[in-house]
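Printed below as a string of structure tokens:
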């Protein structure tokens, strides 16, 4: 894969992870939702942090 394509994929991974964290935190902070729905925001936060971490590790290996 050309270097430009790899950089694009890593950038998309990083951006997607940040968006997942952001939307997860927004869901956690929304007091109008029931508690069960608010707790589902942790899925977005955890998946987003894992995606950001994976993109950073892959970036370090290139």
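In the numbering used here, the protein residues as written are 499 to 560. We treat Cβ as the ideally placed atom computed from N, Cα and C, and that holds for glycine. From a predicted model like this one, the values you see are computed outputs, not experimental measurements.
From the options, residue whose alpha carbon lies closest to that of residue i
| i | options | result |
| --- | --- | --- |
| residue 546 | 518, 504, 509 and 511 | 518 |
| residue 538 | 560, 557 and 523 | 523 |
| residue 542 | 558, 552 and 515 | 515 |
Secondary structure of residue i, DSSP reduced to three states
| i | result |
| --- | --- |
| residue 531 | coil |
| residue 524 | helix |
| residue 506 | helix |
N-terminal and C-terminal residue of the alpha helix (DSSP H) that residue i is part of
| i | result |
| --- | --- |
| residue 538 | Counting along the chain, residue 538 falls outside any alpha helix (DSSP H), and DSSP gives it neither H nor E. |
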